[in-house]
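A short worksheet on the structure shown next.
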Amino acid sequence: TISATPLGLARLALETDSSDAMFKGEVKIVGDVAFGQAVKDLLGNIDIDWEELLSNVIGDIAAHQVGRGVRGLKN
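Okay, structure coming up:
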C-alpha cells in the first residue's frame with residue numbers, strides 16, 4: 002500500500018531525492034518495499050503532458066499559465 006498527501010505525491014514526482022517526502026511522513030509504503038520502488042520507478046519514467054490535458058478543460062492560455070507557474074515552483 003502506498004499512501005501520500007497530495008503535496009507528498011508532488012514532491013515524490015518532482016524531486017530527484019524522494020527520501021525527504023518519505024521521512025517527513027508525507028509518503029508511506031506498507032508491504033513489499035521492492036514493489037513500491039518498482040512503482041515509483043515506473044511513474045518516474047512516465048512523461049505525461051499535463052499542460053495539454055489541462056488545456057482541454059480550461060483552455061490553452063490558462064493551461065500554459067498554470068504550466069509556467071508549476072515549472073517555476075519546480076525550479
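Take any residue in the sequence shown, note its place counting from 1, add 1, and you have its number in the numbering used here. Ideal Cβ placement from N, Cα and C applies to all residues, glycine included.
Do residue i and residue j have their C-beta atoms within less than 8 angstroms of each other?
i, j, result
"threonine 6", "glycine 32", "no"
"lysine 41", "leucine 13", "yes"
"histidine 65", "glutamate 52", "yes"
Bridge partners of residue i, per DSSP?
i, result
"alanine 63", "The partner list for alanine 63 (beta bridge, DSSP) is empty, contrary to what the question assumes."
"lysine 29", "Ser4"
Quick test of your reading: residue i and residue j, contact by CB under 8 angstroms. State the CB separation rounded to the nearest angstrom.
i, j, result
"leucine 43", "glutamate 27", "So it is not a contact: roughly 20 angstroms between Cβ atoms."
"serine 4", "lysine 29", "5 angstroms"
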